[in-house]
Amino acid sequence: MNILRKLSSISSPGIIRNFSVSPVNSANYKCKLLVVGGGSGGCTIAAKFARKLKKDEVFVLEPSTEHYYQPLWTLVGAGVKTVADTRRQEASVLPSNAKWIKHRAVSIDPKKGVVHTKNGDEIQYEYVVIAVGLKNDYDKVPGLSQALTDENSGVSTIYAPEYCEKTWRDLQRFKGGNAIFTFPDTLIKCPGAPQKIAYLADSYFRMTGTRSKSKVIFNTCLPVIFGVKKYADSLLKVVERKKIDVNYKTVLLEVRPDKKEAVFVNKDDKSKHTTMGYDLLHVTPPMSTPEFLRTNQELADVCGYLDVDKYTLQHKKYPNVYGIGDCTNTPNSKTAAAIAKQCHVLELNLVNTMREQAPSANYNGYGACPLLTEYGKCILAEFVYDGVPHETLPFDQLFSRCKLLVVGGGTGGCSIAARFARKLRPDDIIVVEPSKVHYYQPLFTLVGAGIKKFKESHRPQCSVLPKNIRWIQDQVVDFDPCNCVVHTCAGDKICYEYMVVAVGLENDYDKITGLKEALDDPKSGVSTIYSPHYCEKTWNNIKCFRGGHAVFTFPTTSGKCSGAAQKIMYLADDYWRRHKKRHLANITYATAGKAIFGVEKYATSLMRVADNRRIAVNYCLDLVELTKIGAVFVDDTGRTITLPYNLLHVTPPMSPPADLRRCTELVTDAGYLHVDPRSLQHQRFGNVFGVGDCLSTPNSKTAAAVSQQTAVVEKNLISVMQSKEPKAEYNGYGACPLLTSYSKGILAEFIYDKKPFETFPFDQSKERRILYHIKTKVFPYIYWKRMITGKWDGPGKIRKIINPFGK
């Protein structure tokens, strides 16, 4: 019954093409061309010659009934595809007029032109193409086979259809710890795949919130991260950005699944062993050619690979033998992309050989590796022999050209993009911004005080950018203003006519010894509202505070929203008062400055608040280290002072991103974009403007400043585009809504030279309820609906109506 059903399905038209299979008993065959292997290379060659030769003159020897598109296994391991997406029936991909022998080769005699199969068949050939690929040698790593078959071992590989979905399940189960990815001490197929799955895992961990609890490690036997320098340089930037630890010349020796340990050996010194614990282990297994080829001294080199001329792909000893794909000893990368070029060369040369002519076509070693660095982003490595890049697309010549390039997708970048999207043509504007999430950073203080939920502070980046611009989700790593070019982390090159730099500031945690470790420790009592990663921890620390010394710091370097360091302190004070804990607390504000606030009018009011709340204010103290004893400060005389703490809120030092600081043509000695403080045009490059915290302007770094800055840049950049002089001027406006409790606040507004410049017709330095509601309700609405859409130029028009005399 089963036999009849199988025969019926084979003969049903439209389901499977006609093909021949060998009988159960051993048999003798003769053919003009024998293709050993039915993978990518074997199928392609069979198809090419099935169109040239007569029916059944082409034989294909392939034991598997399923054909896999193996490069897709990486995407299976990352949850993008399923194994079913990578698989077709072998019969459906082989040419219908070729004869399929569904067995495996066990020996080949090139002198007699004979191949023997596992079930005893003998196939005589005139010409043979060997395309058997590589096989996984799991047994070369003790413990690996056992670990792979154990669903709960945390060990997987994307190099086999039976295990690549396990990789995805392991990523989903991963809750933190060591995630180790390996590269073996043998040639492998698709040598970029071990990195690809590591990068995708890193991205998945970031999306699921486990990356902060993880250490991602890439152990490779190679002395470099990639064999072609151009792409190696780009990939080094990727691992640096992703904070992936790379250990070179490190080879997996053993897996101990019972202990969740992996033993590695140094490639150059076999006596050096390292044992690493793992929570997730992705193994790229050692690989080799099939035994019938590896042990054939007539055909294989000393390493077991088919010994062919690297240009013609013809065997060096037997002219009727050709090879293709991973099983040959050509010094190219073993990738699926190499097959297309090899097949073209082999087709031409084998036809010549059949005509008794010398092969004339040459294979140049072409290979390609699409290196996925995260979901939705890829580096396409293409190269030929000797590691020479050989790219198809014109990305390196002119990846992108735009009229206006906006570097940074924060408040300023979004506002500028929105303003010019209404003036320029679609796709005239490119915004380069690496983050998928856009944060309204002033709300972090309210999150840290429990007034707002964290989810209210952010939206998807794609939802806040204009629809008719091009967003490149990448990071600019090199500015070349002399040539109007920037280079991105992924190796892309963008040419621009005009550029607006809006990259903001980054937190320099490493400038305070021990700070990053303390922030990552949930029990340390240390937090900051200056990061989306730690503002919720601030609220937790304030709620759980049981008394003792609470210290709030402010550094020597200027940062974004300098008033936030005090706001969270006043809110913590008020929370403890409302919950009957204030008598248990001593609060200290340790600032590296010489005054509590930079504008005298508001400093006077804030000192009154601090005095009334019994908050000790210490000046000229700069936090430099966290120890088990306490927080270590240095005063303006160089003396060291240690303050013990039970709760510590740190305002970290800040600076423009290192990628901007490195461009000496664009920045001041301090690393800030060197612009005219009035026009916001670069002092040297007239086609470059800047907005936001990264500027050298002597104003306070606040979100409110950006509204006026973007309006000024809009007018001046349009003038420059029209070959006119910029005339609009920025007056240094900034604002800081200083919440002093859960019901009141002070609204500091000022311009250059620290002059108050208030909007309302009352004294804004006094604590008022209306100012609390403006901060918590009005400003978030203005931000999401007006500011980042480029429709808010600041409160100037309101000021002229309600406070025309500037009282």
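In terms of the UniProt record's numbering, the sequence shown has 297 at position 297, counting the first letter as 1, and numbering is strictly consecutive. A virtual CB, placed ideally from N, CA and C, is assigned to each residue, including glycine.
Sequence-distant residues of the same chain with beta carbon closer than 7 Å to residue i, five excluded per side
i           : result
P110        : E298, L299, Y318 and V321
residue 822 : Residue 822 cannot be examined here, being either before or after the span of the chain that is shown, 1 to 807.
T789        : A418
Heavy atom of the ligand HEM within 7 Å of residue i beta-carbon
i    : result
N699 : With respect to the ligand HEM, the structure shown offers nothing to examine, as it has no ligands at all.
Neighbourhood of residue i by C-beta, 6 Å cutoff - its chain only, sequence neighbours within 5 removed
i    : result
A131 : G37, G41, G42, I324 and G325
A711 : D793
V609 : T740
Y127 : L33 and N320
P426 : N468
L606 : I596 and F597
A703 : T411 and P442
K242 : D202
L235 : I225 and F226
L380 : P370
V216 : A179, D202 and I244
D669 : none
With 16 other Cβ atoms within 10 Å as the buried cut-off, status of residue i
i    : result
A198 : buried
V778 : exposed
L280 : buried
I798 : exposed
I615 : buried
M207 : exposed
Y138 : buried
V437 : exposed
F805 : exposed
C535 : buried
G692 : buried
A658 : exposed
T274 : exposed
I746 : buried
C402 : buried
V155 : buried
Candidates the options: closest to residue i by CA position
i    : options                   : result
A47  : H682, P63, A91 and G77    : A91
C482 : F226, E497 and I469       : E497
S463 : I774, T392, S435 and H487 : S435
S212 : P522, G806, D669 and L648 : P522
K55  : P95, D676 and H273        : P95
K516 : N97, E162, T627 and S696  : T627
P705 : S743, Y752, V667 and D676 : According to the sequence shown, residue 705 is Ala rather than Pro. Taking only the C-alpha atoms, the option nearest A705 is Y752.
I158 : G79, G367 and L236        : G79
N97  : D474, V60 and K455        : V60
I339 : I45, V255, V431 and Y204  : I45
G563 : Q146, G365, A748 and K175 : A748
D170 : P71, H533, S153 and N332  : S153
M721 : S700, Q681 and N699       : Q681
L200 : V263, L75 and E356        : L75
T776 : G514, L293, P161 and Y742 : Y742
P795 : L148, V308 and S707       : S707
C561 : Y440, L350 and R577       : Y440
K237 : P290, P644, V477 and R678 : V477
Paired residues, beta bridge with residue i - DSSP
i           : result
S415        : According to DSSP, which records beta bridges pairwise, S415 is partnered with nothing at all.
C402        : Y496
I615        : I587
T488        : V476
V80         : DSSP, once it has assigned bridges, lists no residue as partnering V80.
F183        : T220
N136        : M287
D309        : For D309, which the question treats as bridged, DSSP gives no partner whatsoever.
K755        : I751
residue 882 : The chain is shown from 1 up to 807; residue 882 falls before or after that span and cannot be answered.
K560        : K701
N507        : M654
Rounded Cβ spacing between residue i and residue j (contact assumed at less than 8 Å)
i    : j    : result
V58  : V35  : 7 Å
A595 : A603 : 5 Å
G690 : A421 : With 8 Å as the limit, G690 and A421 do not qualify as a contact, their Cβ atoms being about 19 Å apart.
K52  : Q124 : Not quite, the Cβ-Cβ distance comes to about 20 Å (not below 8 Å), so this is no contact.
V345 : A358 : That pair is no contact at about 14 Å.
Residues of its chain near residue i, where Cβ-Cβ distance is below 8 Å and the 5 sequence neighbours each way are ignored
i    : result
D268 : K249
R546 : K581, L584 and N646
N803 : E758, T759, F760 and P761
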